[in-house]
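Input: a single structure, listed below in structure tokens.
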Amino acid sequence: MNFHKNYSDAGIDDKLISEFLTFSVSAFPPSSNFFRVNDNSIAIILAEKLLRDVLPTVKGICDQVGVKKVWLDGMVEDFNINCGLVQFPEMGDKSGELLEKVTKAMSKAVETGPNTSALYESLQL
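Here our numbering is used: the first residue of the sequence shown is 334, the next is one more, and so on.
Structure (structure tokens):
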């Protein structure tokens, strides 16, 4: 998941990701693992879950983010996310390969618009 906002501030990024996790972690199974990839991206690994089973949860979170207003440092902030999805091991068995593919899927989601998701497999012709 990649977060987008209209400013650049690492401290705000930390608070924004924390706020996102506060309201979204409960939507995922307890066995989920959350990793921070960079300043404005996190990866969520859902063990033994198929993309078709995860997609409704991801779409629901994208919809929630679309209407959520975040209060940070005395200001109400708008933000949006884009989500890229890959299936392990079908789409790759090495972390670098999966990161490359999920980045392509996220780019496709960004092109689609705010608070959207894209599957890597849908990018294949």
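Glycine included, each C-beta is placed from N, C-alpha and C at the ideal position.
It should be emphasised that the depicted structure is a prediction, and the values quoted were computed from it without experimental measurement.
N-terminal and C-terminal residue of the alpha helix (DSSP H) that residue i is part of
i	result
residue 417	Here residue 417 belongs to no alpha helix (DSSP H); instead the beta strand (DSSP E) covers 413-418.
residue 452	Counting along the chain, residue 452 falls outside any alpha helix (DSSP H), though it belongs to the beta strand (DSSP E) covering 449-452.
residue 393	384-400
Enclosing beta strand (DSSP E) for residue i [first to last residue]
i	result
residue 370	366-371
residue 442	Here residue 442 belongs to no beta strand (DSSP E); instead the alpha helix (DSSP H) covers 428-445.
residue 374	374-378
Among the options, the one whose alpha carbon lies nearest that of residue i
i	options	result
residue 375	354, 388 and 386	354
residue 378	442, 443, 361 and 401	361
residue 334	426, 382 and 392	392
Contact under 8 Å by Cβ, residue i with residue j
i	j	result
residue 418	residue 440	no
residue 336	residue 350	yes
Cβ neighbours of residue i in the same chain (closer than 6 Å, five flanking residues each side left out)
i	result
residue 453	419, 424, 434 and 438
residue 380	364
residue 411	none
residue 368	376
Contacting residues, own chain, Cβ-Cβ under 8 Å from residue i (five flanking each side not counted)
i	result
residue 448	395, 396, 398, 399, 413, 414 and 415
residue 444	none
residue 387	379 and 418
Contact set for residue i: own chain, Cβ-Cβ below 7 Å, skip 5 residues either direction
i	result
residue 421	431
residue 370	376
residue 436	417
residue 442	415, 416, 417, 449, 450 and 451
residue 384	418, 420 and 452
Should the stretch 355-364 be regarded as contacting the stretch 425-437, the criterion being three or more beta carbon pairs within less than 8 Å? no
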